[in-house]
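Structure record follows, encoded as structure tokens.
Residue numbers (our numbering): 1219 to 1605.
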């Protein structure tokens, strides 16, 4: 092979000229785009990290408890009685129609968040927590409706067998306290209460929150009070409560401060209260509605300060991640939320009786109900189950 032949084999073809330098421009533009994209991504990551650490800092102030997952098998509570025949048909029919009307939408259980809020009454130095007030807040993120259920303390429930203890029927109000004793604290109180609500009423609790009396008072005081319309009987009751009320309160629209609002929320025997617990829970829902109205128009700085004040006095099963997800769902719809109130048992479906609960000769006033009926009515709202 000649030298010339070897040379020809090694020669490379020349690249065509690019008189307009198109390749150079597009390459340079691509580099600029990638740099800008990288800067934007870095800024987003910094912002996300800042938000994350901000949330972590906030919610590290809370007392967070963890409940076991599904360690108890669902059991049907057995009804030992039936409704009085003279009230059965009319009340059941009216209540069912109301529930169907409320939930006849394309909602699913995934749209609904159920939060159980307990106002516990233990004072400093007391050994066991008592549930003075128990509310279920059921938020439908699809219909933007909030149903605030007040769980009547005198409801005659089948207590769950818990931590080696076999239980019978008793008033619902004792459940939280027993769970606290047998379960070793607030987590036990929450767990036993959740099981009780699930067995008797079909309620699936997503999150639990416990707030003390002190927390409630400070929450209201930080907001400079809560506006409520008082009857003459309610004003008279508050004026007799010299422990919590230090001024003369008139009937009509009044702004109640923390201790006054607590007295209002706990009021059971104002003149004309024929069914004291039902009237009491009605007042509590009015207070919640007034607070919700106030929250609608709070600025971010006001909301931030309120959260800082309240969180150290809250015990909850929510993690910072849970709160972040909830806030992302709820905050955009706060202005449009519509609130309705209800009792558990559902109003018009329970009936009162006098029962010797502990077989000791002492008679107690209780509210009885049909378990299957309650589950159907309540789960239509809390789980979007309409049969």
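For each residue, glycine too, the CB sits at the ideal point set by N, CA and C. Every value quoted in this text rests on a predicted model; they were computed, and no experiment measured them.
8 Å Cβ cutoff met for residue i and residue j
i: residue 1544; j: residue 1423; result: no
i: residue 1641; j: residue 1414; result: This structure cannot settle anything about residue 1641, because the visible part of the chain is limited to 1219 through 1605.
i: residue 1452; j: residue 1462; result: no
i: residue 1370; j: residue 1499; result: yes
i: residue 1475; j: residue 1443; result: yes
i: residue 1596; j: residue 1420; result: yes
i: residue 1400; j: residue 1425; result: no
i: residue 1600; j: residue 1330; result: yes
i: residue 1282; j: residue 1542; result: no
i: residue 1402; j: residue 1410; result: no
Environment of residue i [buried if 16+ CB atoms lie within 10 Å]
i: residue 1508; result: buried
i: residue 1546; result: exposed
i: residue 1325; result: buried
i: residue 1539; result: exposed
i: residue 1303; result: Bear in mind that a pLDDT of 47 at residue 1303, under 50, signals an unreliable position, so the model cannot answer this.
i: residue 1585; result: buried
i: residue 1590; result: exposed
i: residue 1284; result: exposed
i: residue 1552; result: exposed
i: residue 1511; result: exposed
i: residue 1554; result: exposed
i: residue 1579; result: exposed
i: residue 1376; result: buried
i: residue 1522; result: exposed
i: residue 1514; result: exposed
i: residue 1471; result: exposed
Residue range of the unbroken alpha helix (DSSP H) whose run includes residue i
i: residue 1523; result: 1518–1528
i: residue 1478; result: 1476–1484
i: residue 1438; result: 1431–1440
i: residue 1397; result: 1393–1400
i: residue 1539; result: 1538–1548
For residue i, the nearest candidate out of the options (CA to CA)
i: residue 1528; options: 1480, 1453, 1600 and 1436; result: 1436
i: residue 1373; options: 1561, 1576, 1542 and 1364; result: 1561
i: residue 1433; options: 1328, 1524 and 1582; result: 1524
i: residue 1567; options: 1384, 1496 and 1380; result: 1496
i: residue 1556; options: 1366, 1518 and 1327; result: 1366
i: residue 1441; options: 1526, 1252, 1416 and 1387; result: 1526
i: residue 1598; options: 1439, 1281 and 1327; result: 1327
i: residue 1518; options: 1549, 1280 and 1402; result: 1549
i: residue 1427; options: 1439, 1470, 1564 and 1332; result: 1332
i: residue 1339; options: 1330, 1281, 1429 and 1378; result: 1429
i: residue 1532; options: 1384, 1405 and 1473; result: 1405
i: residue 1593; options: 1410, 1403 and 1418; result: 1418
i: residue 1588; options: 1569, 1582 and 1482; result: 1569
i: residue 1486; options: 1460, 1456, 1466 and 1473; result: 1456
i: residue 1488; options: 1460, 1454 and 1439; result: 1454
i: residue 1439; options: 1458, 1250 and 1473; result: 1473
i: residue 1348; options: 1384, 1407 and 1382; result: 1407
i: residue 1571; options: 1467, 1385, 1387 and 1581; result: 1581
i: residue 1286; options: 1412, 1378, 1565 and 1480; result: 1412
Boundaries (first-last residue) of the beta strand (DSSP E) holding residue i
i: residue 1178; result: Given a span of 1219 to 1605 for the chain in the structure shown, any question on residue 1178 remains unanswerable.
i: residue 1333; result: 1330–1338
i: residue 1448; result: 1444–1448
i: residue 1387; result: 1387–1389
i: residue 1556; result: 1556–1562
i: residue 1349; result: 1349–1358
i: residue 1533; result: 1532–1534
i: residue 1365; result: 1363–1369
Would the region 1499–1516 count as touching the region 1433–1448 if we require 3 or more Cβ pairs under 8 Å? The region 1499–1516 and the region 1433–1448 touch, with no fewer than 3 CB-CB distances between them shorter than 8 Å.
**Prompt:** Should the region 1377–1397 be regarded as contacting the region 1345–1354, the criterion being three or more beta carbon pairs within less than 8 Å?
**Reply:** Contact between the region 1377–1397 and the region 1345–1354 is present: three or more C-beta pairs spanning the two stretches fall below 8 Å.
**Report entry** the region 1354–1364 in contact with the region 1574–1588 per 3-pair CB rule at 8 Å
**Finding:** A contact between stretches requires three or more CB pairs, one per stretch, nearer than 8 Å, and the region 1354–1364 fails this requirement with the region 1574–1588.
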